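**Q**
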Amino acid sequence: MKKFRVLALLMVLVLVFTACNTDKPAEETGKAPTEAPVEEAKEPVSGKVAMITDTGGVNDESFNQSAWAGLQKLGERGADVSYIESHKDADYAPNMEAKVNEGNDLIWGIGFLMKGAVKDSALDNPEQTFALVDDFWEDGELPNAAGVMFHSEQSSFLVGYIASYMTESNKVGFILGMEGPVMDTFKYGYYTGVNYGAKEQGKDIEIMSITVESFDDAALGKATATKMYSDGADVIFHAAGNVGVGVIEAAVEADKWVIGVDLDQNHLAPDHVITSAMKNVHVATEDLSARFLNGEEIGGKTFYYGLEEDAVGIAPTSDKLVPADVLEKTQELEQKIKDGELVIPINEEEYNNFSY
458 MKKFRVLALL MVLVLVFTAC NTDKPAEETG KAPTEAPVEE AKEPVSGKVA
508 MITDTGGVND ESFNQSAWAG LQKLGERGAD VSYIESHKDA DYAPNMEAKV
558 NEGNDLIWGI GFLMKGAVKD SALDNPEQTF ALVDDFWEDG ELPNAAGVMF
608 HSEQSSFLVG YIASYMTESN KVGFILGMEG PVMDTFKYGY YTGVNYGAKE
658 QGKDIEIMSI TVESFDDAAL GKATATKMYS DGADVIFHAA GNVGVGVIEA
708 AVEADKWVIG VDLDQNHLAP DHVITSAMKN VHVATEDLSA RFLNGEEIGG
758 KTFYYGLEED AVGIAPTSDK LVPADVLEKT QELEQKIKDG ELVIPINEEE
808 YNNFSY
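Residue numbers for the sequence shown follow this note's numbering, beginning at 458 and rising by one.
1. Nearest by alpha-carbon distance to M571: which of L589, K660 and D562 is it?
2. Counting only the same chain and skipping the five closest in sequence on each side, list residues whose C-beta sits under 8 Å from that of G535.
3. Ordered along the chain, which non-local residues of its own chain (more than five positions away) have a Cβ less than 8 Å from that of K616?
4. Consult DSSP for I662 and reduce its assignment to one of helix, strand or coil.
5. Can you check whether the CB of G573 is closer than 8 Å to the CB of D511?
6. When you compare the CB positions of T624 and D691, do they come within less than 8 Å of one another, or not?
7. Rounded to whole angstroms, what's the CA-CA distance from H724 to V779? Just pull it up for me.
8. Taking only runs of the beta strand (DSSP E) that begin and end inside the region 723–779, which ones reach a length of at least 3 residues, in chain order?
9. Return the chain-ordered ranges of every alpha helix (DSSP H) run that is complete within the region 583–616 and spans a minimum of 4 residues.
10. Mind checking G654: buried by the 16 CB within 10 Å criterion, or exposed?
11. Check whether the Cβ atoms of I794 and L764 lie closer than 8 Å to each other.
12. Taking the beta carbon of N558 as the centre, do at least 16 other beta carbons fall within 10 Å, making it buried, or is it exposed?
13. Establish whether the CB of A536 and some CB of chain C are separated by less than 8 Å.
14. Closest to V769 by CA distance: which of S609, Q792, T759 and G757 is it?
15. When we look at the beta-carbon of Y813 and count the other beta-carbons within 10 Å, is it buried (16 or more) or exposed?
16. How should E706 be labelled, buried or exposed, when 16 other C-beta atoms within 10 angstroms of its C-beta is the threshold for buried?
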C-alpha cells in the first residue's frame, strides 16, 4: 500500500509539473512569452543574389547592414549571395556592371540614391532583374526592376510619440540626412508622433529640425547634435544613416536621450539610446529575393512593407529606458495603425491636414 501511494504521488507531481510548464498563448496568460519563439524553418532556395550598397557601406549600423543581413539569411537557405560597397556616387554604375557580369539572378540597389544607376543598368540589361530599396517605379515603367518601400512613417510616429513623453525640456530634435519623398516619411511621421503625444499630455513641444545633406559624415552628425542639445533639446531622433553614429556620440557626451534608426542602436550607447525606429530591410531583401527565386514575377512592381509585415516598428530594447506605461500606450497606437484606424502622414500636405 505504501509503495502504491508513492507511485500515485509521483504521478500527481509529474502531471502538476507538466501543467505548469505547458506554454500558453500570450492571449491566455495576459503576458508575452518570456522566451523568443523558435523561428520556423523556411523553404530552401537556389540562385545568385547580389546587392550594392550606397556610400554608407555595409557596416553602416543602418539600412545597408540590415539589407545584407537579409541576404545572409537567404544564403543560409541555399542561395549564393554577395555584396559590393560603393565609396562614392561614381561607384554605383561600375558596381552595377560588375554584378551583372557575374551572372546574378537578382541584383539589389540599396537606397534611393541608387535609383538612376539601377534604371540605367535595367535599360541596358533587359534580361537582368533588379530591385531597389527605398524608391518606387511607376507601374510597368521598368519590366525588369522592382521597387521596395517601407512605411517608415509608422515607426517614426511611434518614436516621436515616445519622445513626447521622455522630454523634460519640451524641446526635441530631428536630424535628417537628405531631403526627398522617402525621407519625408521619417520627418512627418516623427513630427506627427511628437504632436500627438504633446496634445495627449497637454504639452507644447518645440521640434528643432536640421537636414545635413549627408548619410556618411559622422563628425557632422556629432557637431549638429551637440549644438541642438546645447540649444535645449533633450531628445534627438536621427534619420541619417552613418551620420547618426556621430549623433549618438553627442548624446553620450551631453548625457541626453537619442533615438536610433533602421537597426536597434541601443548597443551603441545603452544608457542613452531610448528606442530606435526600426526599418527591417532584411525582411524585404530575404522575402522578395526568395519569392523571385521561387518563380514570382517582381519586375515592374513596387512592394510595400510595414507594421503588418514586421518590417517596421520600435526596437526590442525600448523597455530598458522607456517606462512601461508609455510603451503600453505606444503598443495601443501600433495596433490602431495596423487596424487602419490611424493613418500616418507621409508628406507635408498630409501632415498639415492630419486630425489629432
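Heads up, the beta-carbon is just placed ideally off N, CA and C, and yes, glycines get one too.
Fair warning: this is a prediction, and the values are worked out from it, not measured in the lab.
**A** On the basis of the data shown:
1. Locating residue 571 in the sequence shown gives position 114, where the first residue counts as 1. Checking every option, the nearest Cα to that of M571 belongs to L589.
2. Within the sequence shown, numbered from 1, the residue matching residue 535 stands at position 78. P501, V502 and S503.
3. Position 159 of the sequence shown, counted from the start, is the residue given in the question as residue 616. It is Val, not Lys, that sits at residue 616 in the sequence shown. Contacts found: Y647, G650, F694, I716, T732, S733, A734 and I771.
4. As a first step, residue 662 is located in the sequence shown; it is residue number 205 there, counting from the start. If DSSP states are grouped into helix, strand and coil, I662 belongs with coil.
5. Here residue 511 corresponds to residue number 54 of the sequence shown, with the count starting at 1. Here residue 573 corresponds to residue number 116 of the sequence shown, with the count starting at 1. Not in contact: D511 and G573 (Cβ atoms no closer than 8 Å).
6. Here the question's residue 624 lines up with position 167 in the sequence shown. Here the question's residue 691 lines up with position 234 in the sequence shown. Going by C-beta atoms, T624 is nearer than 8 Å to D691.
7. What you label residue 724 is simply residue 267 of the sequence shown in a count that begins at 1. What you label residue 779 is simply residue 322 of the sequence shown in a count that begins at 1. For H724 and V779, the distance between alpha carbons rounds to 15 Å.
8. 730–736, 759–762 and 769–771
9. none
10. If you number the sequence shown from 1, residue 654 lands on position 197. So G654 counts as buried.
11. Mapped onto the sequence shown, residue 794 falls at position 337. Mapped onto the sequence shown, residue 764 falls at position 307. Yes; because the gap between Cβ atoms is below 8 Å, this pair is in contact.
12. As a first step, residue 558 must be located in the sequence shown, where it is residue number 101. Label assigned to N558: exposed.
13. The chain inventory of the structure shown lacks chain C, comprising one protein chain alone.
14. Against the sequence shown, residue 769 aligns to sequence position 312. If we check each option's Cα against that of V769, S609 comes out closest.
15. Here residue 813 refers to the residue found at position 356 when the sequence shown is read from its first residue. Exposed: under 16 other Cβ atoms inside 10 Å.
16. Position 249 of the sequence shown, counted from the start, is the residue given in the question as residue 706. That one is buried.
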